[in-house]
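Engineer: Just dropping this structure here.
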Amino acid sequence: MLADVLIVLVKVVLTLIWTLLLALFLTWVERKESAVLQDRIGANRASVFGLRVFGLFQPFADAIKMLFKEDFAPSFSQRFLHWLAPAMSFFFVAVTMVAVPFGDAVRLFGRRIPLQVVDLNAALLFMLAMLSLGIYGILIGGWASRSRFALIGSLRGAAQLISYEVALGISLVGLIMVFPSLRLSKIVEFQGGMLFGFLPKWGIFLQPLGFAVFFLAGLAETKRTPFDMPEGESEIIGFYTEYGGLKFGLFMFTDFLEVILLSALATTLFFGGWQVPWLGAGGFVFPWGGNLKFAPWAVTVLQVLSFNLKVFFFCWLQILFRWTYPRFRYDQVMDFGWKVLVPLGVVNILATGLILAAR
Amino acid sequence: MLKGWLVLKELLRGAAITARHFFVNMTFHTLNLFGVRTKRRGAVTIQYPEERKELSPRHRSLHRVLSREDGKPRCVACMLCVTVCPSECLSVEAAEDDDPEVQKYAARFVVDLNRCCFCGFCVEACPVDAIRMDTGEIRLTAEARAGLELPLEKR
Numbered sequence: 609m610l611a612d613v614l615i616v617l618v619k620v621v622l623t624l625i626w627t628l629l630l631a632l633f634l635t636w637v638e639r640k641e642s643a644v645l646q647d648r649i650g651a652n653r654a655s656v657f658g659l660r661v662f663g664l665f666q667p668f669a670d671a672i673k674m675l676f677k678e679d680f681a682p683s684f685s686q687r688f689l690h691w692l693a694p695a696m697s698f699f700f701v702a703v704t705m706v707a708v709p710f711g712d713a714v715r716l717f718g719r720r721i722p723l724q725v726v727d728l729n730a731a732l733l734f735m736l737a738m739l740s741l742g743i744y745g746i747l748i749g750g751w752a753s754r755s756r757f758a759l760i761g762s763l764r765g766a767a768q769l770i771s772y773e774v775a776l777g778i779s780l781v782g783l784i785m786v787f788p789s790l791r792l793s794k795i796v797e798f799q800g801g802m803l804f805g806f807l808p809k810w811g812i813f814l815q816p817l818g819f820a821v822f823f824l825a826g827l828a829e830t831k832r833t834p835f836d837m838p839e840g841e842s843e844i845i846g847f848y849t850e851y852g853g854l855k856f857g858l859f860m861f862t863d864f865l866e867v868i869l870l871s872a873l874a875t876t877l878f879f880g881g882w883q884v885p886w887l888g889a890g891g892f893v894f895p896w897g898g899n900l901k902f903a904p905w906a907v908t909v910l911q912v913l914s915f916n917l918k919v920f921f922f923c924w925l926q927i928l929f930r931w932t933y934p935r936f937r938y939d940q941v942m943d944f945g946w947k948v949l950v951p952l953g954v955v956n957i958l959a960t961g962l963i964l965a966a967r
Numbered sequence: 002m003l004k005g006w007l008v009l010k011e012l013l014r015g016a017a018i019t020a021r022h023f024f025v026n027m028t029f030h031t032l033n034l035f036g037v038r039t040k041r042r043g044a045v046t047i048q049y050p051e052e053r054k055e056l057s058p059r060h061r062s063l064h065r066v067l068s069r070e071d072g073k074p075r076c077v078a079c080m081l082c083v084t085v086c087p088s089e090c091l092s093v094e095a096a097e098d099d100d101p102e103v104q105k106y107a108a109r110f111v112v113d114l115n116r117c118c119f120c121g122f123c124v125e126a127c128p129v130d131a132i133r134m135d136t137g138e139i140r141l142t143a144e145a146r147a148g149l150e151l152p153l154e155k156r
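The listed protein sequences derive, respectively, from chains A and B. Going left to right, the first sequence walks through residues 609 to 967 as the working numbering numbers them. Going left to right, the second sequence walks through residues 2 to 156 as the working numbering numbers them.
If you want it as structure tokens, here you go:
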């Protein structure tokens, strides 16, 4: 009993550290990647004892600056709600990470420990639900500020996020039809199989259209630049107009957490999660014959590495999109969500159903 | 429908361009990091305080007042520069020179850099080529306004 509690505690702490460190690191990656793809160099001045390391200390310098800024709330704001909003939006994104499987279950001291904080049987629904709850952070933040611009931003945000949640949900229905489970660990296990004997049975190969709809809707859910209606820096500043210091920092951090979450979800659902192509419990078994034996611990390390690599790739891709595309107009955002993504999602469901029935 | 596909194609092309820049620049950055010299660098920017770009020979920077061979200022206090200056930043005080050939010289020659707009009219107006703006000094800062009122003979 005590051991179980301890194991869960350790997993919670490790997951939290992984998520927060990755988010902190992503602020640096965003600055550097945007710089490199614009032929610049990017933040490289922050140093500790003259050691610059490509500006890798920049996130820590930013964090220290945020921490020591004045905790300001305008006199006309609703104090409690104004304080609650960033905490809420941060919490609901961070808590979603508990359902993400980082690797296959490992055997340690005769116990079977899944590398996942909780193996919920409706993990997919749980994640979608938590993502929806994240909207409340935006809404409350804008409303409690009692500022017009903040209110406009938060209402835009609510409208956009609720619209794209429809597309996000619909895009996953096809996936649930193919992998008949809502349990993320099961979905990843299903993807260990083979298609036509050589292709890994990843969601992207079974549901290409579903992935496109899911990823685009997910991009809109992260409310970063091509879809940054709630923020709209150049016109209304958005729902965090009246925020500063650490509370603003939390909102920013939530954005990066959402990037990580979308990457983790895309990896888990469509790119085989921790699966390495052709890697089984005993080692690689290649379809062209021949195999490569690995010790169980090496297999686990490879699987966790594979998961991380895929997550990094999607984070990279999202930052690339964020620095490539200008912002959509508001009506374009709504059109794209309701007139393109939702119909495509429905088409995907119908096509999947037809193929499954014909098989 | 067709329009949608065209938009999608252009969006993908845009992402391909930025991705190409990313990978090409990253290749050069990595090569330079490991000491491989390449014709191109990964970035077009320079690291300013450490690296400087060479100023153009025509660049107008901080003023200087030239002197004759015997060390006296060339300025004959004709006040042409003071007259032509659009921002009224020059102030020259004339004094009588012992040399009858020269008659006047500038006892005080102050440029108020708070006001100077670096138009270079003073240089153009000077009949004896006494003032030039070719020092190459572009970092003109001071803690207080008084620090930018420069008596130029001290330079």
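Note that the Cβ used here is the ideal one computed from N, Cα and C, for glycine as well. Here the structure is a predicted model, which means the values were calculated and not measured.
#1: Quick check on residue 948(A) - is its C-beta less than 8 Å from some C-beta in chain B?
#2: Closer than 8 Å is the cut-off here; do at least three beta carbon pairs connect the region 902-918 of chain A with the region 941-950 of chain A?
#3: If we define contact as Cβ-Cβ less than 8 Å, is residue 929(A) a contact residue for chain B?
#4: Buried or exposed for residue 597(A), going by 16 or more other Cβ atoms inside 10 Å?
#5: Go through the region 50-111 of chain B residue by residue and report every complete run of the beta strand (DSSP E) that reaches 3 residues or more, in order.
#6: For chain B, check one thing: does any of its Cβ atoms lie closer than 8 Å to the Cβ of residue 670(A)?
#7: Output, in chain order, the set of chain A residues within a Cβ distance shorter than 7 Å of residue 45(B).
#8: Could you compute how far the alpha carbon of residue 880(A) sits from the alpha carbon of residue 724(A)?
#9: On the three-pair Cβ rule with 8 Å, is the region 15-32 of chain B touching the region 925-937 of chain A?
#10: Alpha carbon to alpha carbon, how far is residue 31(B) from residue 658(A)?
#11: Give me the Cβ distance between residue 112(B) and residue 90(B), rounded to the nearest whole Å; I'm assuming they're in contact under 8 Å.
#12: Identify whether residue 612(A) lies in helix, strand or coil by the three-state DSSP scheme.
#13: So, for residue 953(A): in the same chain, excluding its five sequence neighbours on each side, which residues have a beta-carbon less than 7 Å away from its beta-carbon?
#14: Compare the beta carbon distance of residue 711(A) and residue 892(A) with 8 Å and say whether it is the shorter of the two.
#15: Determine the chain A residues that contact residue 23(B) at a beta-carbon separation under 8 Å, and present them in chain order.
#16: Out of 689(A), 769(A), 662(A) and 631(A), which one is the CA nearest neighbour of residue 942(A)?
#17: Compute the Euclidean distance between the alpha carbons of residue 15(B) and residue 87(B), then round it to the nearest angstrom.
#18: Just to confirm the assignment, what range does the beta strand (DSSP E) spanning residue 721(A) have?
#19: Measuring CB atoms only, is the region 829-846 of chain A touching the region 749-760 of chain A, in the sense that at least three cross pairs come out at less than 8 Å?
#20: Would the region 953-965 of chain A and the region 28-43 of chain B be scored as touching if the rule is three or more Cβ pairs under 8 Å?
#21: Return helix, strand or coil for residue 893(A), following the three-state DSSP convention.
#22: Out of 132(B), 148(B), 9(B) and 27(B), which one is the CA nearest neighbour of residue 81(B)?
#23: Where does residue 695(A) fall in DSSP's three states?
#24: Going by alpha carbons, who is nearest to residue 917(A) out of 932(A), 834(A), 876(A) and 655(A)?
#25: Work out the CA separation of residue 633(A) and residue 24(B) for me, nearest whole Å.
#26: Over the uninterrupted beta strand (DSSP E) stretch that includes residue 150(B), give me the two end residues.
#27: Is the beta carbon of residue 834(A) sitting closer than 8 Å to the one on residue 935(A)?
#28: I need the DSSP call for residue 135(B), collapsed to helix, strand or coil.
#29: Can you check whether the C-beta of residue 851(A) is within less than 8 Å of a C-beta belonging to chain B?
#30: Does the separation of the CB atoms of residue 874(A) and residue 804(A) fall below 8 Å?
#31: Report yes if the C-beta distance between residue 63(B) and residue 136(B) is below 8 Å; otherwise report no.
#32: Between the Cα of residue 888(A) and the Cα atoms of 801(A), 865(A), 921(A) and 938(A), which residue gives the shortest distance?
#33: Pick out the complete alpha helix (DSSP H) segments inside the region 609-671 of chain A, 4 residues or longer, and give them in chain order.
#34: Cβ atoms of residue 85(B) and residue 126(B): under 8 Å apart, would you say?
#35: Sort 966(A), 923(A), 870(A) and 851(A) by Cα distance to residue 683(A) and report the nearest one.
#36: Compute the Euclidean distance between the alpha carbons of residue 869(A) and residue 847(A), then round it to the nearest angstrom.
Structural biologist: Taking the coordinates as given:
#1: yes
#2: The answer is no - the region 941-950 of chain A does not touch the region 902-918 of chain A, with fewer than three Cβ pairs under 8 Å.
#3: yes
#4: Any answer about residue 597(A) is impossible in this case: the structure gives chain A only from 609 up to 967.
#5: 91-97
#6: no
#7: 647
#8: 15 Å
#9: yes
#10: 22 Å
#11: 6 Å
#12: helix
#13: 775, 778, 779 and 821
#14: At the C-beta level, residue 711(A) and residue 892(A) stay beyond 8 Å of one another.
#15: 641, 644, 645 and 928
#16: When each option's Cα is compared against that of residue 942(A), the closest is 769(A).
#17: 48 Å
#18: In this chain, the beta strand (DSSP E) harbouring residue 721(A) covers 719-723.
#19: The region 829-846 of chain A vs the region 749-760 of chain A: in contact.
#20: no
#21: strand
#22: The option with the nearest alpha carbon to residue 81(B) is 132(B).
#23: helix
#24: 876(A)
#25: 20 Å
#26: 150-152
#27: yes
#28: Residue 135(B) sits in coil when the DSSP states are folded into three classes, being neither helix nor strand.
#29: By this cut-off, residue 851(A) is not an interface position.
#30: no
#31: In contact: residue 63(B) and residue 136(B) (Cβ atoms closer than 8 Å).
#32: The shortest C-alpha separation from residue 888(A) is found at 801(A).
#33: 610-645
#34: yes
#35: 851(A)
#36: Note on geometry: alpha-carbon atoms of residue 869(A) and residue 847(A) lie some 21 Å from one another.
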